[in-house]
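Engineer: Pasting in a structure now, in structure tokens, and then I'll have a few things to ask.
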Amino acid sequence: MKKRQDQLSSGFLRYIILLLACIALYGNMFIFDQPALLKEQIMQTYSPIYGEHLTSFYFSFMYSFYSIPNIILPLVGGFMSDVFGYRKMSLIFMFFVILGQGFLYFGSSVANLKYMILGRFMFGLGGESLCVASSIIINKWFFGKELSFANALNLSIIRSATVLGTYISPRIAEKSGMTTAFGVGFGITLISGAALLVMNFIDSYTEILQKRNLQKTEGLLDNSIQVMDFGELVKQILEDIRMFPKIFWILTFIMTTFYTSVLIFISFSSGIIIDLWLPADAPVEQNQEVAGELMGIPYLCCTFLSPFVGLMVDKVGQRIKFLAIGCALVFLGLVLMLLFYPIFCMLTLGLSYALFASTIWTSIAFVQYFIIQRGTAFGVMNSVQNFAFFVMPLFIAFISAEASSQVSVVLFFLILASVSLIIAIYLYIEDQNRPVSLNSNDQKKLMNFVNNHKEDGEEFEEEEIIVPK
Numbered sequence: 138m139k140k141r142q143d144q145l146s147s148g149f150l151r152y153i154i155l156l157l158a159c160i161a162l163y164g165n166m167f168i169f170d171q172p173a174l175l176k177e178q179i180m181q182t183y184s185p186i187y188g189e190h191l192t193s194f195y196f197s198f199m200y201s202f203y204s205i206p207n208i209i210l211p212l213v214g215g216f217m218s219d220v221f222g223y224r225k226m227s228l229i230f231m232f233f234v235i236l237g238q239g240f241l242y243f244g245s246s247v248a249n250l251k252y253m254i255l256g257r258f259m260f261g262l263g264g265e266s267l268c269v270a271s272s273i274i275i276n277k278w279f280f281g282k283e284l285s286f287a288n289a290l291n292l293s294i295i296r297s298a299t300v301l302g303t304y305i306s307p308r309i310a311e312k313s314g315m316t317t318a319f320g321v322g323f324g325i326t327l328i329s330g331a332a333l334l335v336m337n338f339i340d341s342y343t344e345i346l347q348k349r350n351l352q353k354t355e356g357l358l359d360n361s362i363q364v365m366d367f368g369e370l371v372k373q374i375l376e377d378i379r380m381f382p383k384i385f386w387i388l389t390f391i392m393t394t395f396y397t398s399v400l401i402f403i404s405f406s407s408g409i410i411i412d413l414w415l416p417a418d419a420p421v422e423q424n425q426e427v428a429g430e431l432m433g434i435p436y437l438c439c440t441f442l443s444p445f446v447g448l449m450v451d452k453v454g455q456r457i458k459f460l461a462i463g464c465a466l467v468f469l470g471l472v473l474m475l476l477f478y479p480i481f482c483m484l485t486l487g488l489s490y491a492l493f494a495s496t497i498w499t500s501i502a503f504v505q506y507f508i509i510q511r512g513t514a515f516g517v518m519n520s521v522q523n524f525a526f527f528v529m530p531l532f533i534a535f536i537s538a539e540a541s542s543q544v545s546v547v548l549f550f551l552i553l554a555s556v557s558l559i560i561a562i563y564l565y566i567e568d569q570n571r572p573v574s575l576n577s578n579d580q581k582k583l584m585n586f587v588n589n590h591k592e593d594g595e596e597f598e599e600e601e602i603i604v605p606k
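So the sequence shown is residues 138 to 606, counted in the numbering used here.
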């Protein structure tokens, strides 16, 4: 009876941690697209000060200054989370998120666009790495226990922040001013910071109790801060990366091509929709409003569908098949953009996003070695993805400038979707060589294999075996 009560208590605590992790990322997701949502107000406010051309140039910096540091920072942040402890590092990352939004709010209040750009840079120093730290703690608490459902529910809740921001930020700015809208974003990041503090306290206290009960205080990464110089840091990161198995890199490339073909397309879809489908003689504001509503459909679908997809993946497995179906649906959705009204494309992209995003992170969790190096692994994937997010918009801008129609841009995304589908097929073939397939629905079997075997199936030496907490 007592054992059953302990299990129920443990399960309840896991979901408390998950809820707090979602709230900790809520502010991050809410504020990310605020500059894009308030672009017209920013242009109207600062064009008389800086000139329209320079203001447009500065506005692009708000996203460039966020993306550039995140080519490297998630990798370093993930490794530091492994070495120094994810709780310590998550607080540092959250500090930069709050500070960045604070500078954005302050810059808007004093009508200084350069302060706002500095704020976005500070936000970039913490935003992506905070997501990495959050992934580590969710994987720790749910590894082998509804992990797909937990990741999917996390995705659903934090993406609702994107939908909420899309809806309320322009309306707040219209009624109370742009500065008030940024202030609301700053307030939400403070709430997220409070949730992170509570989550870290619960996680730390639970770990202390585990140490006392098991009388086991050695081998935990979070016990003390290990000091190393920059050369040692780089050497250790490269050594970790060298050990990553082939299937990890396949998962990284499929994630990069998929997210690029979906998320970057959604970001650029407003101009595509207006150019291909909306009446040219309609008011610009009306077309922008319609296009904005259509842009929100994929995230809305993801919000509602992700928990169900995650639960299904936990029950039936078939992770690689879900990834492949998600890639195929992206290709189908982009074809629909060329043939039918955009709502069909956006609904299809929303379904594909829910399928893929609810599956990819769980697949990574069941790759060998990552019980130790999970933060570094998540960081590598985020760094590769952010490099693509930095480069691809430049290609798209070049194509848009050279082509007379947005059809060429859609064709470019179709090529990316084709590549992701080809990689998914290759992933399926490579998975056949693994002793335990990623398609397995037996999470305990996968977990035991991950903990006690190397990628080629050979068992770890006794001192290498990791016993899950």
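Note that CB positions come from ideal geometry on N, CA and C, so glycine has one too.
With three or more beta-carbon pairs closer than 8 Å as the criterion, would you say the segment 442-451 touches the segment 487-499?
Structural biologist: Segments in contact, yes.
Engineer: Is the segment 267-276 touching the segment 151-170 in the sense that three or more CB pairs, one from each, lie closer than 8 Å?
Structural biologist: Touching, yes, given that three or more Cβ pairs across the two stretches are closer than 8 Å.
Engineer: Please report the straight-line C-alpha distance between M199 and K251, rounded to a whole angstrom.
Structural biologist: Cα to Cα, the separation comes out at about 10 Å.
Engineer: Which value, in whole angstroms, describes the spacing of the CA atoms of Y223 and A310?
Structural biologist: The straight-line gap from Cα to Cα measures roughly 36 Å.
Engineer: Would you decide whether V504 is buried or exposed? Buried here means 16 or more other CB atoms lie within 10 Å of its CB.
Structural biologist: Flag for V504 reads buried.
Engineer: Can you check the segment 424-451 for any beta strand (DSSP E) of at least 3 residues that lies completely inside it and give the ranges in chain order?
Structural biologist: Correct list: empty.
Engineer: Take L290 and list the residues in its own chain whose beta-carbon comes closer than 8 Å to its own, dropping the five residues that flank it on each side.
Structural biologist: Here the set comprises L155, C159, S443, P444, G447.
Engineer: So, using beta-carbon positions, are G433 and T316 closer together than 7 Å?
Structural biologist: Not in contact: G433 and T316 (Cβ atoms no closer than 7 Å).
Engineer: Check whether the Cβ atoms of G557 and F395 lie closer than 7 Å to each other.
Structural biologist: For the sequence presented, residue 557 should be read as Ser rather than Gly. Yes; because the gap between Cβ atoms is below 7 Å, this pair is in contact.
Engineer: By alpha-carbon positions, which one of S406, V472, S293, A561 ends up nearest to S537?
Structural biologist: For S537, the nearest C-alpha among the options comes from S406.
Engineer: Would you mind stating whether S306 and L174 have Cβ atoms separated by less than 7 Å?
Structural biologist: Yes, the pair counts as a contact, with Cβ atoms nearer than the cut-off.
Engineer: I'd like the list of long-range same chain contacts for L114, defined as Cβ closer than 6 Å, with 5 residues on each side in sequence excluded.
Structural biologist: Because the chain is modelled from 138 through 606, residue 114 falls outside the range shown and cannot be assessed.
Engineer: If I measure Cβ to Cβ from M259 and keep anything under 7 Å in the same chain, skipping five residues before and after, which residues do I get?
Structural biologist: Excluding residues within five positions, the ones whose Cβ falls inside 7 Å are F233, L236, G237, F240.
Engineer: Roughly how many whole angstroms lie between the Cα atoms of Y242 and A540?
Structural biologist: About 38 Å.
Engineer: Let me know the secondary structure DSSP gives P307 once reduced to three states.
Structural biologist: Here P307 sits in helix by DSSP.
Engineer: Exposed or buried, E265, counting other C-beta atoms within 10 Å across all chains shown (16 or more means buried)?
Structural biologist: When all chains shown are included, E265 counts as buried.
Engineer: Taking Cβ positions, are I403 and E567 nearer each other than 7 Å?
Structural biologist: No, the Cβ-Cβ distance between I403 and E567 is not below 7 Å.
Engineer: Please report the straight-line C-alpha distance between V453 and L466, rounded to a whole angstrom.
Structural biologist: Those two C-alpha atoms are separated by around 20 Å.
Engineer: Is the CB-CB distance between N424 and I411 below 7 Å?
Structural biologist: Yes, the Cβ-Cβ distance between N424 and I411 is below 7 Å.
Engineer: Quick one: give me the first and last residue of the alpha helix (DSSP H) that E265 is part of.
Structural biologist: Counting along the chain, the alpha helix (DSSP H) containing E265 begins and ends at 250-279.
Engineer: Please state whether the Cβ-Cβ distance between F202 and I254 is less than 7 Å.
Structural biologist: Contact flag set, yes.
Engineer: Would A298 and L460 be called neighbours here (beta carbons separated by less than 7 Å)?
Structural biologist: Cβ distance not < 7 Å, so A298 and L460 don't count as in contact.
Engineer: What three-state label does DSSP hand A419 in the structure shown?
Structural biologist: Coil, per DSSP.
Engineer: What's the call for F149, buried or exposed, on a 16-neighbour Cβ count within 10 Å?
Structural biologist: It counts as exposed.
Engineer: Can you tell me whether D412 is helix, strand or coil according to DSSP?
Structural biologist: Looking at D412 - three-state DSSP - the assignment turns out to be helix.
Engineer: Please work out which residues of its chain come closer than 6 Å, Cβ to Cβ, to I294, disregarding the five sequence neighbours upstream and downstream, and give them in chain order.
Structural biologist: Closer than 6 Å at the Cβ level, and outside the excluded window around I294, lie C159.
Engineer: Does the Cβ-Cβ distance between V546 and I559 come in under 7 Å?
Structural biologist: In this structure, I559 does not lie closer than 7 Å to V546 by Cβ.
Engineer: Between the alpha carbons of F468 and I345, how many angstroms are there, rounded?
Structural biologist: For F468 and I345, the distance between alpha carbons rounds to 49 Å.
Engineer: Cβ atoms of I401 and M529: under 7 Å apart, would you say?
Structural biologist: Closer than 7 Å, so yes.
Engineer: Taking A494 as the reference, give the member of M336, A318, F286, F338 with the closest Cα.
Structural biologist: That would be F286, whose Cα lies nearest to the Cα of A494.
Engineer: Could you work out which residue in P416, F515, G324, K458 is closest to Q569 when comparing CA atoms only?
Structural biologist: Checking every option, the nearest Cα to that of Q569 belongs to K458.
Engineer: Which of helix, strand or coil does DSSP assign to N337?
Structural biologist: Of the three classes helix, strand and coil, the one that applies to N337 here is helix, per DSSP.
Engineer: Can you tell me where the alpha helix (DSSP H) holding R456 begins and where it ends?
Structural biologist: Per DSSP, R456 belongs to the alpha helix (DSSP H) from 456-476.
Engineer: If contacts are defined as beta-carbon pairs under 8 Å, then V517 and T389 qualify, I think. What distance do you get, rounded to the angstrom?
Structural biologist: Rounded, the Cβ-Cβ distance is 7 Å, consistent with contact.
Engineer: Starting from R224, trace the alpha helix (DSSP H) both ways and give me its first and last residue.
Structural biologist: 223-246 is the span of the alpha helix (DSSP H), which, as asked, contains R224.
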